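The numbering of the sequence shown is UniProt numbering, which starts it at 1 and goes up by one.
For reference, the structure discussed in these notes is given below.
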Amino acid sequence: MTAEPLMRMRLRVEQDIFVVRQLGREVARTVGLESQDQTRMATALSEVGRVLLSLGRPAEVTFTVEAIGVPTLHVAMTHPARGEESRLAGQLQQVGRLVDTMEVDNGESGTVVRMARRLPAGAPRLTPERMDEIHAELARHVPGTPLDELAVQNQQLISALDEVRAQRDDLARLNAELEETNRGVMALYNQLSQELEETNRGVVALYAELDEKSAQLAAASEAKSRFLANVSHELRAPVTAIIGLGRLLTDSGSDELTTEQRRQVDLIRGSATDLLTLVNGLLDLAKAEAGRIEPTWSEVDLKAVFGQLRGTLRPLATRPEVDFTVEEPGLPTLRSDEVLLAQVLRNLLTNALKFTEAGSVRLSVRRIDDDAEFVVADTGYGIPPELQERIFEEFYQVPGSKPVSGKGTGLGLPYARRLAGILGGALRVDSTPGEGSTFTLRLPLAS
Ligand code: ADP
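And the structure:
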C-alpha cells in the first residue's frame, strides 16, 4: 500500500465508535462504494472499534485508497496491545464477512486489524484530480452527534427492511405466477389427454366400420361372382342348343329354306354365337374372381407356345397393311401354367390385331432379372392416358374405338389381368393415342 492515507482518527471513548462509523460511511461514499457497501463498511468499523476499545487503550484508524490496479478501500485499525491477534481474529470472524478481506496481524506498533473492500466497476476513476477532490470533500466533513448517527442507522434499517419486504413480495408474486402456470399446464394436459382419448375412440370406431364395410364388400363381390357363374352356366346350355338347332336348320339334309329364311337363321346363329362368347367370357372371369382357377404348374416350352400362337392367330392377321410377327422367344422355358399363359397372350394379341389398322403387331419375350417379360406391341389407335386403367374394368370399352375387325365384350383385359395375378405376375399398358400400345406381362421365372 503505497498510497497516501485519506483520513486518520483516534478511538478513545465509546462515543468515538459513532464517529468512526460515520467517518467510515463517509469515506466509503466519497471513494465510490455503493450504498449497501457503505453500510457494511460502517458496520464493520464500529464493530472492530467496539472490540478494540474493550481492550482498554485508544486505537488508531487509518483510511487509505488504492488507486493502482484494482481500486480498493483499505482501513487499518491499530491497538497498542500485543499478542491479541488470535483472540481478536476469533471475535471478529463474523465481522470479516462484511468486507472482502480482513486480517489481524502483529504490527510494529501493536495489533493491526486490516480490512479491504474493492470499489465497484462503475465507481469514478481515481485519477489524481479525483483524489484531490476526495481529500477536499473529506476535509469538509464534520462528524455529527451519536443521535444523528442513530437516525442515519434507523434510516438504513428501514430501507434494508423495505428491500427485504420488496423481495418477499416479489417471491410471493413469482410463487403465485408459478402456481397459476402449473394450473394452466395441468388444465392443458387434461384437455389434451381427453382429446386424445376421444380421437382414439373415433379411430377405433372408424376401424370397426372399415372392417364391417370390407366384409360387406367381400360378401358383395362373392355374391356377384356366384351370380355371374350361375347365370352364365345356366345360359350356356340353351345358347349352345340354339346354335346347334340353327346349324341343323341350314344343314343340307334338312328341308330347303327360302333365301329369306336362310338369312334369318344365319342371323339367329350369329347372335347366339356372340352371346355364347359373352357367356363364356363371363364364366371365365367369375371363376377367376372366385379363386376357382388353379394353375397347373409345369416347365413351359416358350418356343412351342409361341409357335402355337403364331399358327392360331395367323388367320386373324390377314390384312397386308399389318405385319404380324411372333418373334423367337428370348428365353427357352418358364415355370408357369401353359394354358393360362397362352390365354393371356392370345387376348392381348387379338386386341392388338383388332385395334391396329396399319403397321405392325409383335410379340416378344426376354428375361429381366428373375422375371420373364412378354411384350405385345402394336402401332394401332392407342389409348388415352386417363383411360389406360379403366380398360381393365369389366365391360369397359374406349368410347369411339371401333375394332378394325371382329367384335368385343369388354371382358378380355380384366380376365387377362386376373390370370396374370393368378400366375404370380402383373399386366400393364403403355400407350400413346395415334401411335400404338404396348402391353407388358411380367411373370416370375420360377413360381
Ligand atoms: P374387348 O373385348 O372390347 O376387346 P377388352 O377388355 O379386351 O375388351 O378391351 C377393352 C377395351 O380396351 C377395348 O374395347 C378397346 O377400347 C381398348 N383396347 C384394348 N386393347 C387395345 C389395343 N391394343 N389398342 C387400342 N385399344 C385397345
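Every residue, glycine too, gets a C-beta built ideally from N, C-alpha and C.
These numbers were taken from a predicted model, which means no experiment stands behind them.
Pairwise C-alpha distance: residue j and residue i
i, j, result
"residue 275", "residue 247", "16 angstroms"
"residue 241", "residue 255", "19 angstroms"
"residue 85", "residue 104", "6 angstroms"
"residue 164", "residue 101", "26 angstroms"
"residue 341", "residue 193", "57 angstroms"
"residue 1", "residue 161", "Any reading at residue 1 needs caution, since the residue's pLDDT is 44, under 50, leaving its predicted position unreliable; the model's value is listed next. Taking the straight line joining both Cα atoms gives about 37 angstroms."
"residue 358", "residue 204", "58 angstroms"
"residue 429", "residue 223", "30 angstroms"
"residue 23", "residue 70", "23 angstroms"
"residue 14", "residue 20", "10 angstroms"
"residue 422", "residue 202", "38 angstroms"
"residue 481", "residue 206", "Given that the chain is displayed from residue 1 to residue 447, the structure contains no residue 481 and the question cannot be resolved."
"residue 151", "residue 17", "15 angstroms"
"residue 186", "residue 39", "47 angstroms"
"residue 416", "residue 343", "8 angstroms"
"residue 48", "residue 25", "14 angstroms"
"residue 323", "residue 252", "39 angstroms"
"residue 112", "residue 159", "33 angstroms"
Simplified DSSP state of residue i, which is helix, strand or coil
i, result
"residue 377", "strand"
"residue 385", "helix"
"residue 1", "Confidence at residue 1 is low in this model, with a pLDDT of 44, below 50, so its placement is unreliable and the value that follows should be read with caution. If DSSP states are grouped into helix, strand and coil, residue 1 belongs with coil."
"residue 67", "coil"
"residue 430", "strand"
"residue 197", "helix"
"residue 444", "strand"
"residue 336", "strand"
"residue 55", "coil"
"residue 133", "helix"
"residue 437", "strand"
"residue 8", "strand"
"residue 448", "Here the chain has residues from 1 to 447 only, and residue 448 is not among them."
"residue 316", "helix"
"residue 180", "helix"
Short Cβ contact (8 angstroms threshold) for residue i with residue j
i, j, result
"residue 366", "residue 373", "yes"
"residue 302", "residue 334", "yes"
"residue 138", "residue 27", "yes"
"residue 11", "residue 64", "no"
"residue 413", "residue 383", "no"
"residue 444", "residue 371", "yes"
"residue 107", "residue 81", "no"
"residue 123", "residue 32", "yes"
"residue 381", "residue 433", "yes"
"residue 348", "residue 309", "no"
"residue 379", "residue 360", "yes"
"residue 298", "residue 338", "yes"
"residue 387", "residue 398", "yes"
"residue 257", "residue 249", "yes"
"residue 229", "residue 288", "no"
"residue 243", "residue 272", "yes"
"residue 376", "residue 306", "no"
Extent of the continuous alpha helix (DSSP H) to which residue i belongs
i, result
"residue 103", "No alpha helix (DSSP H) holds residue 103; the beta strand (DSSP E) holding it covers 101 to 107."
"residue 31", "15 to 31"
"residue 288", "259 to 289"
"residue 88", "85 to 91"
"residue 413", "412 to 422"
The beta strand (DSSP E) enclosing residue i, as first and last residue numbers
i, result
"residue 368", "359 to 368"
"residue 298", "298 to 301"
"residue 113", "110 to 118"
"residue 325", "322 to 326"
Original post:
Would you call the segment 49 to 56 and the segment 77 to 89 touching, i.e. three or more CB-CB distances under 8 angstroms?
Top reply: The segment 49 to 56 is in contact with the segment 77 to 89.
Original post:
Would you call the segment 30 to 46 and the segment 114 to 128 in contact, with 3 or more CB pairs under 8 angstroms?
Top reply: Because the criterion of three Cβ pairs below 8 angstroms is met, the segment 30 to 46 and the segment 114 to 128 touch.
Original post:
Is the segment 315 to 326 close to the segment 277 to 285, with three or more CB pairs under 8 angstroms?
Top reply: No contact exists between the segment 315 to 326 and the segment 277 to 285.
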